[in-house]
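Protein chains in written order, with this note's numbering: chain P, 1 to 109; chain U, 110 to 224.
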């Protein structure tokens with residue numbers, strides 16, 4: 001069901017930018033790209049979403065390629081508290097979130 | 110503003126028993142979703158309410174699961190009778206609008222263990 005492909009794990013040095021890639025080559029024109037993260041066993045936490053244009057909020061930036069087949073989530077200054085599993089999700093018009101397996105990001109001191 | 114609240118946080122029951130999970134969405138959110146993660150698997154969609162109506166229940170695994178949202182406020186998810194494979198974490202989420210560009214906010218989940 002998952003419509004996205006992400007690397008299973010990544011490391012990032014504390015204070016550096018974390019760039020998490022995602023492929024969604026079958027995305028439809030009206031489907032949004034969402035990013036959530038899950039810290040330990042907590043509930044998924046919303047980060048950011050976008051359709052075509054790049055987006056930025058207080059947590060992160062989302063860069064979507066022009067053909068919309070891939071995107072990158074950027075955490076500009078990673079901290080230890082950003083260690084989590086990050087999910088790139090293509091939201092279907094039926095409103096379901098397909099979570100996939102995500103990327104386990106470890107921020108290293 | 111209170112977030113999505115789920116009760117209980119943990120539940121341990123014996124196979125064959127009944128368990129009812131509760132979700133209180135963010136006030137004013139008409140859309141309520143149930144998801145679950147069973148052991149070693151991905152988080153999967155169960156169903157979606159718009160107010161008190163079931164908009165999409167395509168993810169409900171079988172008829173042992175019954176979700177209700179009387180009055181369009183809080184929701185309950187009953188598992189009767191519970192089986193071992195129902196063990197996992199059940200998440201509830203809510204969103205203000207139905208449109209796909211509206212973020213959903215998740216609760217902390219209920220960890221269900223069936224022994």
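Note that CB positions come from ideal geometry on N, CA and C, so glycine has one too.
So, does the CB of residue i fall closer than 8 Å to a CB anywhere in chain P?
i                      : result
residue 217 of chain U : yes
residue 116 of chain U : no
residue 174 of chain U : no
residue 152 of chain U : yes
residue 123 of chain U : no
residue 207 of chain U : yes
residue 111 of chain U : no
Considering only C-alpha positions, which residue in the set the options is nearest to residue i?
i                      : options                    : result
residue 57 of chain P  : P/68, P/33, P/47           : P/47
residue 53 of chain P  : P/64, P/20, P/45           : P/64
residue 62 of chain P  : P/68, P/24, P/74           : P/74
residue 105 of chain P : P/44, P/84, P/89, P/39     : P/84
residue 210 of chain U : P/100, P/7, P/35, P/3      : P/35
residue 114 of chain U : U/122, U/134, U/139, U/185 : U/134
residue 180 of chain U : U/186, U/147, U/161, U/117 : U/161
residue 217 of chain U : U/178, U/164, U/132, U/208 : U/132
residue 24 of chain P  : P/42, P/80, P/66, P/55     : P/66
residue 60 of chain P  : P/80, P/19, P/8, P/10      : P/19
residue 221 of chain U : U/150, U/145, U/151        : U/145
With a CB to CB cut of under 8 Å and the five nearest residues on each side skipped, what residues in its chain are close to residue i?
i                      : result
residue 77 of chain P  : 15, 16, 17
residue 124 of chain U : 190, 191, 192, 193, 223, 224
Starting from the C-beta of residue i, find all residues in its chain whose C-beta is less than 6 Å away, skip the five residues before and the five after it, and write them out in chain order.
i                      : result
residue 109 of chain P : 14
residue 127 of chain P : Lying outside 1 to 109, the shown extent of chain P, residue 127 of chain P is not represented and no answer is given.
residue 82 of chain P  : 75, 107
I want to see whether chain U comes within less than 8 Å of residue i, judged by CB atoms only; does it?
i                     : result
residue 25 of chain P : no
residue 62 of chain P : no
residue 15 of chain P : no
Which of helix, strand or coil does DSSP assign to residue i?
i                      : result
residue 81 of chain P  : helix
residue 102 of chain P : coil
residue 127 of chain U : coil
residue 58 of chain P  : coil
residue 193 of chain U : helix
residue 181 of chain U : helix
residue 20 of chain P  : strand
Suppose the cutoff is 7 Å on Cβ atoms and the five residues either side in sequence are ignored; what does the same chain contact list for residue i look like?
i                      : result
residue 159 of chain U : 139, 140, 207
residue 197 of chain U : 145, 146, 147, 148, 221
residue 79 of chain P  : 14, 107
With respect to 7 Å, is the separation between the Cβ of residue i and the closest non-hydrogen atom of the ligand FMN below this value?
i                      : result
residue 188 of chain U : This structure simply doesn't include the ligand FMN, nor any ligand for that matter.
Next on the checklist: Give me the subset of the segment 82 to 104 of chain P whose CB atoms are less than 9 Å from a CB atom of chain U, sorted by chain position.
Outcome noted: The residues in question are 87, 91, 92, 93, 94, 95, 96, 97, 98, 99, 100, 101, 102.
Checklist entry - According to a CB-to-CB cut-off of less than 8 Å, which residues of the segment 40 to 51 of chain P neighbour chain U? => result Listed by position, the residues of the segment 40 to 51 of chain P near chain U (Cβ gap below 8 Å) are 41, 42, 43, 44, 45, 46, 49, 51.
Checklist entry - Between the segment 193 to 205 of chain U and chain P, which residues of the former have a C-beta closer than 9 Å to a C-beta of the latter? => result The residues in question are 198, 200, 201, 202, 204.
Item to check | Cβ-based contacts, 9 Å cut-off: residues of the segment 157 to 168 of chain U near chain P | outcome: Per Cβ criterion, the list reads 157, 164, 165, 167, 168.
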